[in-house]
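Below: one structure, written as structure tokens.
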Amino acid sequence: MEWVLTEDGTPTLFHPGYREAYHPRQGALLQARRLYLEKTLTHLYPAPRVLEVGFGLGVNFRAALESALERGVRLRYLAVEKAPLPREVLEAARLPLPRAEGVFREILEAWPEARFRGPWGELRLLFADVAQAELPPFWASAVYLDPFSPKANPEAWSAPVLLKLRLALRAGGRLATYSAQGAFRRALRGAGFRVHRVRGVGKREWTVGIAVGPLPAPGR
Numbered sequence: 001m002e003w004v005l006t007e008d009g010t011p012t013l014f015h016p017g018y019r020e021a022y023h024p025r026q027g028a029l030l031q032a033r034r035l036y037l038e039k040t041l042t043h044l045y046p047a048p049r050v051l052e053v054g055f056g057l058g059v060n061f062r063a064a065l066e067s068a069l070e071r072g073v074r075l076r077y078l079a080v081e082k083a084p085l086p087r088e089v090l091e092a093a094r095l096p097l098p099r100a101e102g103v104f105r106e107i108l109e110a111w112p113e114a115r116f117r118g119p120w121g122e123l124r125l126l127f128a129d130v131a132q133a134e135l136p137p138f139w140a141s142a143v144y145l146d147p148f149s150p151k152a153n154p155e156a157w158s159a160p161v162l163l164k165l166r167l168a169l170r171a172g173g174r175l176a177t178y179s180a181q182g183a184f185r186r187a188l189r190g191a192g193f194r195v196h197r198v199r200g201v202g203k204r205e206w207t208v209g210i211a212v213g214p215l216p217a218p219g220r
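Under the UniProt record's numbering, residues 1 to 220 are what the sequence shown spells out, in order.
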């Protein structure tokens, strides 16, 4: 894998197997804050519960944790990651998040354990393909859908996975993702989300899905 410095000064990796970087060139931390944190309202939620697909370098987790620590609230975070990165790679991905970085260093001392707890909250990791992972029903206030792209990793964006994510969200919870692909948005709508196009950074649009209304009938 090859390190890449993004335009906001934070690092990402280029994955030779997927032939994609973990984050956009415009900024790893910028995307974490502007898309995942803000578009799901995690930065305002009094007791955030985040479900992430694609933990990667832990940038989204650390951005959410920094926000929670600044506000004095506890964060509960569940991440699904099929191929966890080794500790030395995660240690090299430093971010300008002073509160969260201290906690993340402690987490890395025991990496790759599946559960970490502290006065800041809890991080749980499911080291599995999201298509096979068991997700807690109606648990999350937000879903961060951040795997490699639909072209490179289509299963993570498939209708059965999107339905699983809808079932894991509380009523009114939000899913955010960088993809604006039409087929994905149609599948998201079919999974029971109200789909919104939002202005992106570095690309024209991002996607937000809100868990409202009835769930799809079985078999759909």
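Yeah, the Cβ is synthetic: ideal placement off N, Cα and C, and Gly gets one too.
Residue burial annotation: residue 5 is exposed, with fewer than 16 other C-beta atoms found within 10 angstroms of its C-beta. Sequence-distant partners of residue 32 (beyond 5 residues in either direction) whose C-beta falls short of 6 Å from its own C-beta, in its chain, are 59, 60, 63. Note on residue 205: under 16 other CB atoms within 10 angstroms of its CB, so exposed under the neighbour-count rule. Under the DSSP definition of a beta bridge, residue 100 lacks any partner.
Separation of residue 160 and residue 34 (C-alpha to C-alpha, rounded to the nearest whole angstrom) is 27 Å.
Between the C-alpha atoms of residue 172 and residue 192 there is a straight-line separation of about 11 Å. DSSP places residue 141 in the strand class (E or B) of the three-state scheme. For secondary structure counted as the beta strand (DSSP E) over 3 or more consecutive residues, the UniProt domain "MnmC-like methyltransferase" (122-209) holds these complete runs in sequence order: 140-145, 169-177, 193-199. For residue 116, the enclosing beta strand (DSSP E) begins and ends at 115-118. The continuous alpha helix (DSSP H) containing residue 59 extends over residues 59-71.
Counting along the chain, residue 212 sits inside no alpha helix (DSSP H), nor does DSSP assign it H or E at all. Between residue 89 and residue 125, the C-beta gap is not smaller than 9 Å, which leaves the two residues out of contact.
The residue from 207, 203, 118 with its alpha-carbon nearest to that of residue 194 is 207.
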